[in-house]
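**Q** Residue numbering for the sequence shown follows the working numbering, beginning at 13 and increasing consecutively.
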Amino acid sequence: MSTRTAETPARIDEFKLRPSERVRQYLLKEFDRPELRHGARLPSNRELARRLDVSVPTVQNVLKSLSRDGRIQTRHGSGTYLLSQPEVSEKPLRIVIAALLHPDEKIDDPWLNIIISGFMPVALKSHPTTFVGIAPEKFGTDESVTALLNELPSADGLIIMPYALMPADRDRVTQEYESAGKPVVHLNPPTVNATSNFAATDYIGPAQKLGRAWRESGRKRIALFAIPQRFEYTASSQLRLMGLAAGIGDALGESVSLQVLTPKGAGEAAAYETLSRYLKAGGEAPDAILVALRNAVPGIIRALREQGLAIPQDVSLVSTEKLAVHVESKETLIHEPAVSLSAALMGMLVDRIESSGRAAPGVFLPANFIGGATTRRQENKLLGIRPTRGNAS
């Protein structure tokens, strides 16, 4: 009767696995051997290939995967070494989330649900986690501040969503948590000049590209339909405005104008009222509009059509979209990366907690243009959008 050695797979039927699966399974079993502890040197790639009757590139690919998983470390010129499995914290993290969006959107807003649901898998990779949501019933009141500070003693960290707190309240809560050693991260930079502890869509980059496309396609009067003033303490509209101005470049103030229109509310009715009143007062109609909130678009289209203005022939219209939208959309959209934002923000908070609160550089994630039915073909080409059916020349 033969005796199994460390070089021999446990069962002959393991050879029915694909070569890479066989290598991975064999190594994971070997890692459990008592004599193989943290820092133990593994056999060479060539030796592992010989033992398991596979190619050296197959072994290399499996080792790269195990390295990404944190199981091994390869030192060039020295070899491959085993790393101890990271210990999972027995004490669950308690993460507080300051929500909600602005009062014109619902508490069960699909985008908010995508962001929050994306937190869990990231956190659970290293810690059991409990989430506590704090949302004010009335915008601008301090009831959420009281609730957030009540959670402070038992919290491990805090996520602050857009529009959740007025600026002074946001700064106060952030200072209280940080002073207590409970890291805080923000979805969107809290101020234009913020450099750390946030994850956000790149607002400047797409707006700059858009401004350049509009300038080069002959648009002369460009407008930013900004987030209403009561929410304007967020940096997003300011960054979009900076991007548009940069894209227009030297033509700004010479042959191209740039203005900001700010409705009193965030919905369709407020957008219609603002633009309609502006046009009826004798204001020259913009021939290109960037809209910060997509739900304002129908009101803007209605006001333009009442003045006999066609889209995109007379007016180019682009809005931002936070959810996954089919590429054949009837609008031109700047699509924001909600899933990536969620993962980046939660990963940043976990890293800050594990590093005793060390500040993390702010992260801007790229957005892309999709659709193309409310912009001209020339503009779509400059923006890298495939023209949609029915798009005008």
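Cβ coordinates follow ideal geometry from the N, Cα and C atoms, glycine included.
1) Applying the 10 Å Cβ sphere with the 16-neighbour rule, what's the burial state of VAL108?
2) Check ARG62 in the structure and name its three-state DSSP category.
3) Using CA atoms only, rank isn't needed, just tell me which of LEU95, GLY82, LYS76, ALA135 is closest to LEU105.
4) What did DSSP end up calling VAL204 once you bin it into helix, strand or coil?
5) Looking only at its chain, what residues have a beta carbon closer than 8 Å to the beta carbon of GLY374, apart from the 5 residues adjacent to it on each side?
6) Work out the CA separation of TYR215 and LEU251 for me, nearest whole Å.
7) Apart from the five residues on each side of it in sequence, which residues of its chain come closer than 6 Å, Cβ to Cβ, to ARG306?
8) Hey, out of GLY383, ALA308, GLU348, HIS88, whose CA is closest to SER56's CA?
9) Nearest to PRO195 by alpha carbon, out of ARG388, ILE365, PRO179, SER156?
10) Give me, in chain order, the residues of the same chain whose beta-carbon lies closer than 6 Å to that of ALA225; leave out the 5 immediate sequence neighbours on both sides.
11) Are SER281 and ALA308 close, meaning C-beta to C-beta below 7 Å?
12) Using a 10 Å radius around the Cβ and a threshold of 16 neighbouring Cβ atoms, would you call LEU40 buried or exposed?
13) Report the residue from TYR38, THR344, ALA258 whose alpha carbon sits nearest the alpha carbon of PHE381.
14) Return helix, strand or coil for GLU99, following the three-state DSSP convention.
15) Bridge partners for THR92 per DSSP, in chain order?
16) If you follow the alpha helix (DSSP H) that GLN434 is in, where does it begin and where does it stop?
17) Within 8 Å, do at least three Cβ pairs link the segment 164-172 to the segment 182-198?
18) Could you name each continuous beta strand (DSSP E) segment of 3 residues or more that falls completely within the segment 164-192, going from the start of the chain to the end?
19) Is the Cβ-Cβ distance between PRO275 and THR286 less than 7 Å?
20) Assuming GLU296 contacts ARG233 under a Cβ cut-off of 8 Å, what Cβ separation, rounded to an integer in Å, is found between them?
21) Taking the beta strand (DSSP E) that ASN380 belongs to, which residues open and close that run?
22) Going by other Cβ atoms of all chains shown within 10 Å of its Cβ, with 16 needed for buried, is GLU348 buried or exposed?
23) What is the rounded straight-line gap between the Cα of ALA350 and the Cα of TYR175?
24) Among residues of its own chain, excluding the 5 on either side of ILE128, which ones have a beta-carbon nearer than 7 Å to its beta-carbon?
25) Nearest by alpha-carbon distance to ALA379: which of ALA372, GLY217, GLY265, ARG30 is it?
26) So which of SER191, PHE43, LEU60, GLU59 has the shortest CA-CA distance to GLY82?
27) Locate the beta strand (DSSP E) running through ARG106, then write down its first and last residues.
28) Determine the burial state of GLU99: buried for a count of at least 16 other Cβ atoms within 10 Å of its Cβ, exposed for fewer.
**A** So, from the listed chains and residues:
1) buried
2) helix
3) ALA135
4) coil
5) PRO201, ALA206, THR207, SER208, ASN209, PHE210, ALA211, ALA212
6) 6 Å
7) SER331, GLU333
8) HIS88
9) ILE365
10) GLU391, LEU394, LEU395
11) Residue 281 is actually Ala in this sequence, not Ser. No, the pair does not count as a contact, with Cβ atoms beyond the cut-off.
12) exposed
13) THR344
14) The predicted model places GLU99 with a pLDDT of 47, which falls under 50 and marks its position as unreliable, so this point remains unresolved.
15) THR86
16) Because residue 434 is not part of the residues shown, which for the chain are 13 to 405, the question remains open.
17) yes
18) 169-172
19) yes
20) 6 Å
21) 380-383
22) buried
23) 17 Å
24) ILE109
25) GLY217
26) PHE43
27) 105-110
28) Because the pLDDT of GLU99 is 47, which lies under 50, any placement of that residue in the model is unreliable, and the number read from its coordinates should be weighed accordingly. GLU99 should be labelled exposed.
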